Ligand SMILES: Nc1nc2c(ncn2[C@@H]2O[C@H](COP(=O)(O)OP(=O)(O)O)[C@@H](O)[C@H]2O)c(=O)[nH]1
Ligand SMILES: [Mg+2]
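Residue numbers (this note's numbering): 432 to 592.
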């Protein structure tokens, strides 16, 4: 069987590249403080409990306005839906749901692909109750997980994938 493809989608600056690098275990993808630093898709090979998969960090060019961000994200999500077997939808628990997140959720819902919704930047335990807001995205049949570059939630994400 061909290796499954897992694509990471999400608006700029939610931490896609950081997450990708963590799973791949090397600093392949570019991480930055400014939105949109990854210019193209970056592919990496990953393995978890003997299951190999290809992880894709998607991005786009640097959109300046909210409208352009939404257009570029839409493209990114469509590409992910076309190429991936599983899609990781990364959101930022500190920022909460934004218009772009809602747009992405709408497109993902229409696809029949399995979705793993990740509330990233869950840096401390108190923040995890903010996850309830994400029910408003309507992704009820998806898997849910927390992630933070700095704590134990790193573990549970691999189980979800
Ligand atoms: N506090 C916090 N910051 C994070 C976390 N993950 C990523 N970041 C920061 O968020 C910024 C954007 O990260 P990046 O991976 O480039 O986001 P991308 O645009 O979605 O690929 C960087 O400054 C990261 O260090 C996290 O779990 N917690
Ligand atoms: Mg990036």
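In this text, a Cβ means the ideal position worked out from N, Cα and C, and glycines have one as well. Because the structure is a prediction, the values reported are computed rather than measured.
Express the C-alpha separation of residue 476 and residue 499 in angstroms, rounding to a whole number.
31 Å
Using the three-state DSSP reduction, which class does residue 552 fall into: helix, strand or coil?
coil
Roughly how many angstroms lie between the CA atoms of residue 479 and residue 520, to the nearest whole one?
19 Å
In whole angstroms, what separates the C-alpha of residue 484 from that of residue 444?
Going by the C-alpha atoms only, they are around 24 Å apart.
Give me, in chain order, the residues of the same chain whose beta-carbon lies closer than 6 Å to that of residue 561; leave out the 5 immediate sequence neighbours on both sides.
Cβ within range, chain order: 524.
Residue 525 by DSSP, collapsed to three states: which one?
coil
Using a Cβ-Cβ cut-off of 7 Å (strictly less than) and excluding sequence neighbours within five positions of residue 553, which residues of its own chain qualify?
524, 559, 577, 578, 579 and 584
Taking 7 Å as the cut-off, decide whether the C-beta atoms of residue 488 and residue 439 are in contact.
Taking 7 Å as the cut-off, the Cβ atoms of residue 488 and residue 439 count as close.
Would residue 486 be called buried (16 or more neighbouring beta carbons within 10 Å of its own) or exposed?
buried
What does a CB cutoff of less than 8 Å around residue 574 pick up in its chain, not counting 5 residues either side in sequence?
545, 546, 547, 548 and 591
Could you check what DSSP says for residue 516 in three-state terms: helix, strand or coil?
Reduced to three states, the DSSP call for residue 516 is coil.
Between which two residues does the beta strand (DSSP E) holding residue 557 run?
Looking at the DSSP string, residue 557 is not in any beta strand (DSSP E), and its letter there is neither H nor E.
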